[in-house]
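Shown next, in structure tokens, is the structure this report addresses.
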Amino acid sequence: MRTCAIVVAAGAGTRFGAPKQFVPLRGARVAHHAVAVAGASCDDVVVVLPADTTWDGPPVTASVTGGVTRSESVRCGLAAVPDDADVIVVHDAARPLASSALFRAVVAAVETGADGAVPALPVSDTVKQVEGDRVVETVDRDGLMAVQTPQAFRAEVLRKAHAEAPEATDDAALVEALGGAVVVVDGDPRNIKITTALDLELAMALLSGGDAA
Ligand code: CTP
Ligand code: MG
Numbered sequence: 011m012r013t014c015a016i017v018v019a020a021g022a023g024t025r026f027g028a029p030k031q032f033v034p035l036r037g038a039r040v041a042h043h044a045v046a047v048a049g050a051s052c053d054d055v056v057v058v059l060p061a062d063t064t065w066d067g068p069p070v071t072a073s074v075t076g077g078v079t080r081s082e083s084v085r086c087g088l089a090a091v092p093d094d095a096d097v098i099v100v101h102d103a104a105r106p107l108a109s110s111a112l113f114r115a116v117v118a119a120v121e122t123g124a125d126g127a128v129p130a131l132p133v134s135d136t137v138k139q140v141e142g143d144r145v146v147e148t149v150d151r152d153g154l155m156a157v158q159t160p161q162a163f164r165a166e167v168l169r170k171a172h173a174e175a176p177e178a179t180d181d182a183a184l185v186e187a188l189g190g191a192v193v194v195v196d197g198d199p200r201n202i203k204i205t206t207a208l209d210l211e212l213a214m215a216l217l218s219g220g221d222a223a
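Below is the structure:
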């Protein structure tokens, strides 16, 4: 089956304080790492960039300008995905440590029949519903999973899920909303998303093979 990755790198990095996907990480930019693994794992890669940004990383099939929200940026990428792609894998440029094994695992789950597949890890902290500073309730952690990218989908299902230009924090939520069958594969604790400066320090430590202590 023909696979195409969309690597979304058009965010503003508000919580980090800068477009974190372009900061240096061990001799390359954060997004370069994400695109390199996508390119090693998929037949095509579409990278989605902020306006007025030129791609300076590993080879890609296409680079396009993104939108105001992540979902819009994914749609900008979708428009550049080759028509003959069977499986589309959406990946955050802010996850530089994803492995090609993880890409292969989500693609394999779709190739064997799922509409979508996402890496997931059990939630280890206790989770509470809070209003202001007041705890409303403690959420039952049983069955709660934290979900990562890369997320793989049957191409026609992902295109349909985005057809009405909906918004969600990940693509699986849009496929779920259509009634699509989304499965989980084992997530990777090393596959962190760079959100704050501390995450970047952690990524540097993980890449150097050391621990973050
Ligand atoms: N993203 C995107 N287009 C947007 C918003 C986000 O391509 N309009 C991308 C980001 O570049 C990132 C991924 O989606 O690779 C996950 O988003 P997030 O971690 O929230 O990054 P930002 O939106 O840039 O950060 P923040 O929410 O702190 O502003
Ligand atoms: Mg964001």
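The number in my numbering is simply the position in the sequence shown, starting from 1, with 10 added.
Here a beta-carbon is modelled for each residue, glycine too, at the ideal position from N, C-alpha and C.
- Contact check for A90 against V74 passes: the beta carbons are separated by less than 7 Å.
- Counting the other CB atoms within 10 Å of its CB gives K138 a total below 16, which places it among the exposed residues.
- Rounded to whole angstroms, A50 and E147 show a C-alpha spacing of 44 Å.
- The continuous stretches of alpha helix (DSSP H) do not include G126, which lies in the beta strand (DSSP E) extending over residues G126 to P132.
- At least one heavy atom of the ligand CTP lies less than 6 Å from the C-beta of A103.
- Going by C-alpha positions, M155 is about 20 Å away from V117.
- Relative to G37, the option among C14, F26 and G67 whose CA is nearest is G67.
- In this structure, the ligand CTP has no non-hydrogen atom nearer than 6 Å to the beta-carbon of R85.
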